[in-house]
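Here is the structure we will look at.
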Amino acid sequence: MQYAILCYHDEKVVCAWSKAEDEAVMAKLMVINERLAREGKLGPVARLLPTTAATTLRKDRDPPLVLDGPFAETKEQLLGFYVIEAASLDEILDIAKELGAANPGGSYEIRPIGYFIDGRKPG
Amino acid sequence: MTDRDWMSAVLAAARPRAVAALVRYFRDLDTAEEAFQEACLRALKTWPGNGPPRDPAAWLVMVARNSGIDQARRARRQSPLPDDDRAVSDLSDHEGPAVERIDAADYRDDILRLMFICCHPELPATQQIALALRIVSGLSVAQIARAFLVSDAAMEQRITRAKARVAKAALAFETPGAIERAERLAAVAAMIYLLFNEGYTAPGPGSDDKTALAEEAIRLARLLLQLYPTEPEVMGLLALLLLQHSRAHARFDANGESILLADQDRSLWRKPLIAEGLALVDKAMRHLRPGPYQIQAAVAALHTRAASAEDTDWGQIDLLYGALERMTPSPVITLNRAVAVAKARGPAAALDMIEPIAESLAGYFYFHGARGSFLAELGRTKEAREAFGRAISLARSPAEAAHVRREIDRLAVSAARGNATSEGVEK
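Protein chains in written order, with our numbering: chain A, 555 to 677; chain B, 6 to 432.
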């Protein structure tokens with residue numbers, strides 16, 4: 555089963571990290587990422603730019619409406635995501651806990667993936 | 006990150022919102038700051054055991070308000086003046102749920118007000134910045150003093166004086182109207198840009214403290230955009246800072262001498278900052294409400310998008326600076342435009358363009374440097390050498406002077422070859 559780990563965190567807190575703090579977190583995560591990649595479990599990983607760079611397309615009307623900002627004004631924002639191959643919910647939870655220890659605060663939403671295209675590969 | 010690092014990041018993130026709400030509540034900077042400090046101390050004691058509250062800013066405001074009120078009560082008990090009940094009972098009247106006091110609609114204006122307090126027009130620019138770093142960002146006096154290369158005592162005095170001056174200024178605590186809000190936004194944006202420019206520095210001893218100022222300016226601009234996510238000029242401001250800061254590592258050579266934009270190693274430009282800056286420029290443009298920060302950001306974006314200096318779209322930069330000139334006429338903008346004109350339309354047109362500003366920029370290093378380059382390109386070597394000589398006499402650092410000396414050397418070489426090159430003023 556492939557799972558998506560959606561990474562939510564309070565952007566104000568993450569943006570308050572100094573460059574050194576940010577780099578320290580990223581370095582810790584990278585160690586885990588590299589191991590998961592060696593084990594053939596790691597799919598695409600993305601860290602999103604801040605929500606101030608986001609644009610929302612409301613497509614519930616015609617013509618669609620383009621708005622500044624993320625879809626929802628919530629306390630925590632979607633800041634990134636992982637796609638990871640795991641045998642079970644237990645395994646993916648273990649991986650998420652390990653990632654979480656390297657990057658405390660916020661929450662991970664774990665969503666099984668129903669349909670996945672790696673757009674970079676032909677076919 | 007340890008628990009403590011994590012908590013200090015949470016406290017730092019909550020600070021502007023919490024202090025801003027407390028300033029509205031207490032209507033006094035010092036009281037608000039002291040109360041916030043008290044609340045932070047309590048947070049450091051209770052959060053590790055109980056876990057952080059769901060809304061740290063609201064928690065801090067509630068605790069700080071109570072501690073401020075306690076202090077007022079104690080002060081009242083110590084001073085046996087009669088008829089002094091009013092102030093305190095007024096405060097007690099406001100004791101409602103903290104969350105309600107800092108609801109979403111108010112806190113944007115609270116933070117803007119807090120930033121605006123620091124932009125008092127009577128305060129010199131350096132005091133505005135120092136005050137903002139102390140009050141909004143929560144930097145220690147020692148940290149600010151290091152960045153400004155002055156003693157702690159001198160900075161303490163500077164901040165105290167600035168606070169005394171803003172305390173005298175009557176500030177409206179009602180919700181600002183649309184025009185007032187726009188004025189405040191403009192003043193705050195200008196202060197953030199000043200702060201960013203303070204952080205512009207060559208690597209060397211103390212440069213980390215300076216660079217921290219640029220990063221703090223980016224943080225404040227991002228905060229402002231979080232508060233006003235649909236303001237194109239705020240997008241422009243953040244984009245401008247990000248795009249300029251993306252070149253920070255490429256701007257100086259190993260000896261600390263500045264490297265002009267054209268000569269920078271573009272692989273050293275920081276891509277995540279560029280990506281965010283370009284995204285913001287695109288977003289801002291859609292609003293069709295251009296302003297000075299958006300235009301400067303658009304210029305920076307054109308430099309960034311060019312694969313090499315030769316690929317730069319100088320014609321477009323000429324047009325953008327033309328628009329900026331009409332919006333905010335200034336000889337320095339004309340000079341920047343002339344550099345683009347030299348590339349797009351030739352050095353003769355550029356020289357014509359800077360003729361009318363020669364008098365007002367007579368004491369400006371970059372004016373004579375650029376004029377020398379235009380003259381050199383036209384083969385007017387003798388005049389070029391005079392202009393470069395004037396630039397050297399106006400240089401503010403050995404690096405600036407060294408740069409012009411290299412121009413003069415090139416002049417000698419290219420005169421020998423019967424060929425000349427030009428350089429811009431932009432970095």
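Using N, Cα and C, we set each Cβ at its ideal position, and we do this for glycine too. All of these numbers come straight from a predicted model, not from anything done at the bench.
A:E593 counts as exposed, since fewer than 16 other C-beta atoms from the protein chains shown sit within 10 angstroms of its C-beta. Assigned with DSSP and collapsed to three states, B:H125 falls in coil, not helix or strand. Using beta-carbon distances, A:G659 counts as an interface residue toward chain B, with a partner under 8 angstroms. Between B:V239 and B:L228, the C-beta gap is not smaller than 8 angstroms, which leaves the two residues out of contact. In this structure, the beta-carbon distance from A:V599 to A:Y562 does not fall below 8 angstroms.
Scanning chain B for C-beta atoms nearer than 9 angstroms to the C-beta of A:E663 yields nothing, as the closest lies near 17 angstroms away.
The distance from the Cβ of A:D564 to that of A:K629 is about 6 angstroms, consistent with a contact at the 8 angstroms cut-off. Taking a cut-off of 8 angstroms on C-beta distances, the stretch 283-293 of chain B does not touch the stretch 313-325 of chain B, as fewer than three cross pairs fall below it. Put simply, the stretch 256-268 of chain B does not touch the stretch 135-155 of chain B. Fewer than three CB pairs are less than 8 angstroms apart. Contact residues of the stretch 291-309 of chain B toward chain A are R291 (C-beta to C-beta distance below 8 angstroms).
Taking 8 angstroms as the upper bound on Cβ-Cβ separation, chain A lies near residues P277, A280, E281, A284, L285, K288 and R291 of the stretch 264-293 of chain B. With a minimum length of 4 residues, the unbroken runs of alpha helix (DSSP H) contained wholly in the stretch 572-632 of chain A fall at 573-592. Two segments are said to touch when three or more pairs of C-beta atoms, one from each, lie closer than 8 angstroms; by this definition the stretch 570-587 of chain A does not touch the stretch 618-627 of chain A.
Rounded to the nearest whole angstrom, the CA to CA distance from B:I300 to B:S335 is 15 angstroms. In the displayed model, A:H563 falls within a strand according to three-state DSSP.
Assignment of alpha helix (DSSP H) within the stretch 362-425 of chain B, counting only whole runs of 4 or more residues, yields 370-382, 386-399 and 403-422 in chain order. Residue-level contact check: B:R227 touches chain A, since one or more beta carbons of chain A fall below 8 angstroms from its beta carbon. Beta bridge pairing from DSSP links A:F635 with A:L560 and A:A600. For A:I664, the secondary structure class from DSSP, reduced to helix, strand or coil, is strand. In this structure, B:L34 and B:A192 do not form a Cβ contact; the two beta carbons are roughly 17 angstroms apart against a cut-off of 8 angstroms. When C-beta distances to chain A are compared with 7 angstroms, the residues of the stretch 218-242 of chain B below that value are E220, R224, R227, L230, Q231, P234 and T235, in chain order. A Cβ-Cβ distance of about 4 angstroms is found for the pair B:L247 and B:G282, placing them in contact under the 8 angstroms criterion.
Counting along the chain, the unbroken alpha helix (DSSP H) around B:G54 starts and ends at L34 to N55. Among the residues facing chain B, A:T628 is not included, as its CB has no counterpart in that chain under 8 angstroms away. For B:D10, the neighbours in chain A by C-beta distance under 7 angstroms run, in chain order, E575. The straight-line gap separating the alpha-carbon atoms of B:E330 and A:P624 is approximately 35 angstroms. Here A:R612 has P618, L619 and L621 as same chain residues with Cβ atoms under 7 angstroms from its own Cβ, once five neighbours each way along the sequence are excluded. Listed along chain A, the residues sitting closer than 7 angstroms to B:V15 by beta-carbon distance are V567.
For chain B, the residues of the stretch 606-623 of chain A that bring a beta carbon within less than 9 angstroms of one of its beta carbons are T606, A607, A608, T609, V620, L621, D622 and G623, in chain order. Per DSSP, B:W274 is not a residue of any alpha helix (DSSP H), being assigned neither H nor E. As DSSP reads the structure, B:F257 sits in a beta bridge with B:S263. Taking CB atoms only, B:A259 has no neighbour in chain A less than 8 angstroms away.
If you check each beta-carbon in the stretch 590-603 of chain A against every beta-carbon of chain B, the ones closer than 9 angstroms belong to R601 and L603.
Excluding the 5 residues flanking it on each side, A:E639 has same chain C-beta neighbours closer than 6 angstroms at Q556 and K595, in chain order.
Just measuring C-alpha positions, the residue of B:I359, B:M332, B:A328 and B:G394 sitting nearest B:A343 is B:I359.
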